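Engineer:
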Amino acid sequence: MDAESEGVQPVEPTTAAASNPETDLGHRRRLFMSQPSTLALRRQQAVCVRRAHKMYGSKKSPNVILDGLNMTVPKGTM
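In the UniProt record's numbering, the protein residues as written are 1 to 78.
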């Protein structure tokens, strides 16, 4: 005994998934916002510093000037 002999038609899972917009890959991709590339952002910056650390003095009594400084200066502002 199988489903066809009992009069039940088989269901194709691909047609059900393609008609559902929540599972459609193309639909989900259109929901994402486009973002500029990091290369394009770097070209707009004059200075970019990440996690800078600087200290003066001896190891026994250090004078920490910078500790994890993050700084970005756009082109044209200097």
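For every residue, glycine included, the Cβ atom is placed at its ideal position computed from N, Cα and C. Bear in mind that the values here come from a model prediction, so they are computed numbers and not experimental data.
#1: What residue range does the beta strand (DSSP E) around Gly68 cover?
#2: If we ignore side chains and look at the alpha-carbon of each, how far apart do Arg28 and Arg43 end up?
#3: Smallest Cα separation from Lys75: which of Pro62, Asp67, Ser61 and Ala40?
#4: Could you check which residue in Asp24, Thr23, Thr77 and Asn70 has the C-alpha nearest to that of Arg51?
#5: Could you tell me the boundaries of the alpha helix (DSSP H) in which residue 80 lies?
#6: Per DSSP, what are the beta-bridge partners of Pro78 in this structure?
Structural biologist: This is what the structure holds:
#1: Where Gly68 is concerned, the enclosing beta strand (DSSP E) stretches over Asn63 to Pro74.
#2: Take the alpha-carbon of Arg28 and the one of Arg43: they are about 31 Å apart.
#3: The shortest C-alpha to C-alpha distance from Lys75 to any of Pro62, Asp67, Ser61 and Ala40 is the one to Ala40.
#4: Here the closest residue by C-alpha is Asn70.
#5: In the structure displayed, the chain extends from 1 to 78; residue 80 sits before or after that span and is not available.
#6: Checking the sequence shown, residue 78 turns out to be Met, not Pro. Answer by DSSP bridge pairing: none, since Met78 is not bridged.
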